[in-house]
Amino acid sequence: MQKMIKGANIGLAALSENVGSVVMSLGWSSPTGEGDADVSVLLLDGNGKVRGDADFCFYNNPVVGNGSVQLLGKTPTSDGDEDRISFDLDAVPAEVEQIVVAASRYGGARFGDLDDLRLTLADGSGDSLVQFSVEDAGAVSACVFGELYRRDGAWKFRAVGQGYASGLAGLATDFGVDIDDDAEAEAEAEAEPGKAPDGPRGGPVDGPDGQAGSPAAVPAPRAPEPAPAAPAGIVPTPSEEPKPRARPRTARKKVTLPRTEKKTLAENDSWRTARLFPLSALKNDRERETRATSVLLSVMTQVPEFGRRLTAGFGAPARRMETFTEVSLPHGDSPRRPDGVIRVERAGKLWTALVETKTNGNALKPDQVQAYMDIAARRGYEAVITLSNDVALDGTPLVDVRIDGRRKHKVALWHLSWAEVAHQAQMLIRHEGVGNASHAWLLRELLHYLQHEHSGCHGFQNMGAAWVPVRKAIDDETLSQGDPRATEVIESWERLVRQVCLGLGGELGHKVLPVQRAKRGTDPRARRAVLADQLCSQGRLHSELRIEGTPGILAITADLRTRKLRTSIEVPTAERGYPLSRAKRLIRQLAAAPADLHIETLVEGGTGPRGTLERLRPEPADILPKDGAEISGFRLSLFKGMGNGRGNAETGFIRSVDEAVDRFHTHVIAHLETRGTRRPVAEPAEAR
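Each residue of the sequence shown is one higher than the one before, starting from 35 at the first, in our numbering.
Shown next as structure tokens:
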């Protein structure tokens with residue numbers, strides 16, 4: 035992997051033979067665990083301008099360039115999360131000479147408040163090619179991380195690392211995107227008064243020898259052209275007046291489908307709605323696997339937004355997709371039959387992935403996956419995709435396969451969980467929108483199928499064989515540090531937490547990601563070993579979730595000694611106002627919260643008074659410190675009994691965690707005021 039410094043550039047062909055499709059990741063960390071930013075991409079012509087507003091790729095326009103560029107969203111990593119972007123470089127329109135990759139913050143936040151700003155670039159096989167760390171970002175609300183550009187018909191990468199104090203609106207305007215005047219003023223108000231952009235507004239350009247040269251300033255925002263005057267004595271009719279060009283809307287899209295179903299026409303509750311994908315005929319695991327694979331692959335081809343979202347992260351190009359099931363492929367003495375095959379055609383070339391599916395909690399078989407890897411390598415296929423209820427973790431592969439390093443053609447091994455498939459379907463039909471009503475209906479039918487109890491596609495649903503022995507050993511105080519069973523429980527807990535994030539994020543339409551407090555770059559296995567030792571000594575499992583748009587971090591603690599689950603959040607108080615006013619305001623916000631909600635006062639260096647909401651409602655002053663200590667915030671907590679079983683049954687541990695998080699968010703977090711939430715940056719006048 036090539037490590038780069040600011041201003042350096044390199045040709046992609048010199049790094050890998052598989053750079054027709056690449057994936058770029060932008061990452062950062064926050065000392066508070068609450069920092070976030072939005073990624074945007076601009077496709078520029080030879081003049082350094084977008085050809086139109088459609089070349090501006092951001093969260094409301096996640097696919098541009100006829101699918102050659104797509105935002106893939108957040109992906110959890112071993113020590114945080116990253117935003118990923120897929121580039122199908124062979125399909126980028128010929129008029130596009132340069133692709134700028136940037137990120138922006140909102141609500142007055144600055145990149146200087148974040149740590150470890152970095153960019154990585156990987157080829158179609160998932161191998162990392164380039165790594166670039168952005169140093170000294172400063173007090174800017176937008177930052178250009180890097181750019182891809184053409185030179186003599188080949189693609190190169192340049193490390194930029196330059197900021198914009200004027201934010202997303204200023205960055206987009208500089209590259210030719212039309213932004214509403216009011217939105218520009220709003221974005222400028224977020225920047226520091228009188229603060230100019232940090233450094234030149236363009237990246238370094240190639241010198242005669244192809245190395246980084248002097249900075250090239252990007253032209254200033256273009257002024258709107260005056261409308262031509264009508265001839266004297268003639269009043270233009272409405273049809274003759276020029277229509278304003280549609281401008282990019284950077285406010286979030288509305289829900290495509292209504293949240294409430296129309297009133298049914300059935301005579302009584304015994305009537306069942308006809309479904310496109312019936313489940314009544316499923317008899318065994320083999321039938322479940324066959325049906326689930328066929329249902330998923332068929333919907334992927336019929337709903338391009340969905341199919342592209344699932345395959346872009348695997349290096350697949352954005353072109354015509356066809357899917358197949360029960361394909362016979364030669365392998366030794368007997369042929370192999372993968373559950374499915376995905377093929378994408380691009381410019382006469384084929385991208386192919388074999389699919390191996392498991393349902394109902396069945397584990398992937400290493401020898402089976404190994405055989406498909408060998409077949410793919412011999413036939414020149416690009417990837418093998420495994421799909422099961424399990425959740426993959428960094429540093430802990432679900433199956434151990436051997437990759438023949440002598441082969442020139444590399445095959446990538448990827449994994450999808452059924453929970454992630456359901457999450458992507460939810461995000462499209464409930465929050466982000468799809469192309470038409472038929473696509474939305476197909477996704478809704480798919481989601482109904484996946485969530486049905488007979489489908490076997492329920493996501494992670496078993497804490498593993500080590501769960502009960504570890505729980506009993508903690509009761510007996512016989513669990514010692516270094517016990518491998520404790521590490522197994524930590525891995526299962528991490529899988530469960532990631533699935534909770536997917537489920538909650540799909541319901542809310544917001545990013546929900548696990549917070550990793552370990553130092554960035556720490557080996558995942560070493561980090562889990564430390565957590566396993568803490569489990570042995572403390573008897574508790576603990577995780578934190580960052581939910582976009584909420585005022586704090588949601589903490590989940592499972593105490594295996596007391597058999598209780600605690601969900602909590604620390605809420606900062608307003609900087610102004612009397613302490614009693616702050617307490618009363620919090621109690622008013624929690625008017626509909628459960629009476630058994632615990633409220634704890636936070637003061638510098640420790641905690642203050644505490645009590646239940648039921649007791650504090652008539653007397654909010656009881657939560658104030660008696661010594662007059664300054665209140666920094668409040669900790670809100672709910673307690674629930676912990677399920678003992680390792681599975682997802684009614685009395686299982688997994689079900690109890692899901693219910694605890696859902697109850698806490700619905701009845702507590704949803705009623706809290708959010709400070710510093712996102713404001714629309716460039717909303718057109720007609721939308722306001």
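Cβ atoms here follow ideal geometry from the backbone N, Cα and C, with glycine treated the same way.
Measure the Cβ-Cβ separation of E528 and L650 and say whether it is below 8 Å. The sequence position of residue 528 within the sequence shown is 494, counting from 1. The sequence position of residue 650 within the sequence shown is 616, counting from 1. No. Outside cutoff.
Helix, strand or coil for A397? Go by DSSP, reduced to three states. Here residue 397 refers to the residue found at position 363 when the sequence shown is read from its first residue. In the structure shown, A397 sits in coil (DSSP, three-state: anything other than H, G, I, E or B).
Comparing C-alpha positions only, which one of Y415, I409, P369 and N394 sits nearest to I376? Here the question's residue 376 lines up with position 342 in the sequence shown. Nearest option by C-alpha distance: Y415.
List the endpoints of the continuous alpha helix (DSSP H) containing H699. In the sequence shown, the residue the question calls residue 699 occupies position 665. H699 -> alpha helix (DSSP H) spans F687 to H701.
Within 8 Å of any Cβ in chain E, is that where the Cβ of T700 sits? Absence of chain E from the displayed structure is noted, only one protein chain being present.
Could you give the distance in angstroms between the alpha-carbon of S397 and the alpha-carbon of G347? Along the sequence shown, read from residue 1 onward, the residue named residue 397 stands at position 363. Along the sequence shown, read from residue 1 onward, the residue named residue 347 stands at position 313. First, the amino acid is wrong: residue 397 is Ala here, not Ser. Whole-angstrom Cα-Cα distance: 23 Å.
Do you know offhand how far L481's Cα is from G158's? The sequence position of residue 481 within the sequence shown is 447, counting from 1. The sequence position of residue 158 within the sequence shown is 124, counting from 1. Inter-residue distance for L481 and G158 is about 29 Å (C-alpha atoms, whole angstroms).
In chain order, each beta strand (DSSP E) run of at least 3 residues that lies wholly inside the segment 55 to 103: 55 to 63 and 72 to 78
Following the continuous alpha helix (DSSP H) through W452, name the residue where it begins and the one where it ends. The count along the sequence shown starts at 1 and reaches residue 452 at position 418. Residues W452 to Q460.
At a cut of 8 Å, does the segment 68 to 81 reach the segment 130 to 142 through at least three beta carbon pairs? Short answer: they touch.
Leaving aside the five residues before and after V534 along the sequence, list all residues of the same chain whose C-beta is less than 6 Å from its C-beta, in chain order. Residue 534 sits at position 500 when you count from the first residue of the sequence shown. Within the same chain, V534 has close Cβ partners V695.
Rounded to whole angstroms, what is the Cα-Cα separation between L706 and I621? As a position in the sequence shown, residue 706 is number 672, starting the count at 1. As a position in the sequence shown, residue 621 is number 587, starting the count at 1. Cα to Cα, L706 sits roughly 10 Å from I621.
Based on Cα-Cα distance, which residue from R343, E181 and R600 lies nearest to V468? Position 434 of the sequence shown, counted from the first residue, corresponds to residue 468. When each option's Cα is compared against that of V468, the closest is R343.
Element boundaries [beta strand (DSSP E), containing T154]: Residue mapping note: residue 154 aligns to position 120 of the sequence shown, counting from 1. Start and end: D149 to A156.
Ordered list of beta strand (DSSP E) runs contained in the segment 523 to 581, each at least 3 residues: Runs of the beta strand (DSSP E) inside the segment 523 to 581: 546 to 548 and 574 to 581.
Backbone secondary structure at Y415 - three-state DSSP: The sequence position of residue 415 within the sequence shown is 381, counting from 1. Note: Y415 maps to coil in three-state DSSP.
Could you please give the first and the last residue of the uninterrupted beta strand (DSSP E) stretch that includes F358? Translated into the one-based positions of the sequence shown, residue 358 becomes position 324. From DSSP, the beta strand (DSSP E) with F358 extends over R354 to T359.
Integer Cβ distance of A617 from L658, believed to fall under 8 Å: Sequence index remark: in the sequence shown, residue 617 carries index 583 (1-based). Sequence index remark: in the sequence shown, residue 658 carries index 624 (1-based). Their Cβ separation, rounded to whole angstroms, is 6 Å, which keeps A617 and L658 in contact under 8 Å.
On the criterion of 16 or more Cβ atoms from any shown chain inside 10 Å, does Y612 qualify as buried, or is it exposed? Stepping through the sequence shown from its first residue, residue 612 is reached at position 578. It is exposed - the Cβ of Y612 has fewer than 16 other Cβ atoms within 10 Å.
Going by the CB atoms, is the gap between V168 and C177 shorter than 8 Å? Locating residue 177 in the sequence shown gives position 143, counting from the first residue. Locating residue 168 in the sequence shown gives position 134, counting from the first residue. Against a cut-off of 8 Å, the Cβ pair of V168 and C177 comes out as a contact.
Would you mind working out which of L49, D557 and N43 sits nearest M35, comparing C-alpha positions? Start at 1 with the first residue of the sequence shown, and residue 35 comes out as number 1. With distances taken between Cα atoms, M35 lies closest to L49.
Could you check the C-alpha separation between S74 and L594 for me, to the nearest Å? What you label residue 74 is simply residue 40 of the sequence shown in a count that begins at 1. What you label residue 594 is simply residue 560 of the sequence shown in a count that begins at 1. One C-alpha to the other measures close to 44 Å.
Do T393 and G537 have their CB atoms nearer than 8 Å? Locating residue 393 in the sequence shown gives position 359, where the first residue counts as 1. Locating residue 537 in the sequence shown gives position 503, where the first residue counts as 1. Result no, Cβ atoms of T393 and G537 do not sit closer than 8 Å.
Considering only residues of the same chain and omitting the five flanking positions on each side of P96, which have a CB-CB separation below 7 Å? Looking up residue 96 in the sequence shown gives position 62. Hits under 7 Å: Q104 and L105.
For G667, I'd like the list of residues in its chain whose CB is within less than 6 Å of its CB, leaving aside the five on either flank, ordered along the chain. On the sequence shown, position 633 is the one that residue 667 refers to. Counting only residues of its own chain and dropping the five nearest sequence neighbours on each side, G667 has a CB closer than 6 Å to the CB of E604, V605, P606, T607 and L636.
Expressed to the nearest angstrom, what Euclidean distance is found between the alpha-carbon atoms of A627 and E653? Here residue 627 is taken as the residue at index 593 of the sequence shown, counted from 1. Here residue 653 is taken as the residue at index 619 of the sequence shown, counted from 1. So the two alpha carbons sit approximately 16 Å from each other.
Looking only at its own chain, which residues have a Cβ that is under 7 Å from the Cβ of I508, when we skip the five neighbours before and after it? On the sequence shown, position 474 is the one that residue 508 refers to. Counting only Cβ-Cβ distances below 7 Å, and skipping sequence neighbours, we find G573, L594 and R595.
Determine the direct distance from the alpha carbon of V433 to that of L542, and round the result to whole angstroms. What you label residue 542 is simply residue 508 of the sequence shown in a count that begins at 1. What you label residue 433 is simply residue 399 of the sequence shown in a count that begins at 1. Each residue's Cα considered, the two are about 32 Å apart.
Does the segment 572 to 589 touch the segment 675 to 690, meaning 3 or more C-beta pairs lie closer than 8 Å? Output reads no: the segment 572 to 589 does not touch the segment 675 to 690.
The alpha helix (DSSP H) with W475 in it runs from where to where? Position 441 of the sequence shown, counting from 1, holds the residue named residue 475. It spans A471 to Q485 - the alpha helix (DSSP H) in which W475 sits, taken as one unbroken run.
Tell me the DSSP secondary structure of G141 in three-state form. Counted from its first residue, the sequence shown places residue 141 at position 107. G141 falls in the coil class under three-state DSSP.
P242 to V194 span [Cα, whole Å]: Taking the sequence shown and counting its residues from 1, one reaches residue 242 at position 208. Taking the sequence shown and counting its residues from 1, one reaches residue 194 at position 160. Any answer about P242 is weak, because its pLDDT of 33 lies below 50 and its placement is not dependable; what the coordinates show is given next. Whole-angstrom Cα-Cα distance: 19 Å.
Near F121, what residues of its chain come up, given a Cβ to Cβ distance below 8 Å and the 5 sequence neighbours on each side ignored? The residue given as residue 121 occupies position 87 in the sequence shown. Excluding sequence neighbours, F121 sits near S55, V56, V57, M58, S102, V103, I133 and L182.
Using the Cα positions of K553 and L60, report the straight-line distance between them to the nearest angstrom. Translated into positions along the sequence shown, residue 553 becomes position 519. Translated into positions along the sequence shown, residue 60 becomes position 26. Taking the straight line from one Cα to the other gives about 17 Å.
According to DSSP, is D593 helix, strand or coil? Within the sequence shown, the letter at position 559 stands for residue 593. The answer is strand: DSSP assigns D593 an E or B state.
Using a threshold of 8 Å, state whether the C-beta atoms of R145 and A171 are closer than that. Here residue 145 refers to the residue found at position 111 when the sequence shown is read from its first residue. Here residue 171 refers to the residue found at position 137 when the sequence shown is read from its first residue. In the sequence on display, residue 145 carries Phe and not Arg. In contact: F145 and A171 (Cβ atoms closer than 8 Å).
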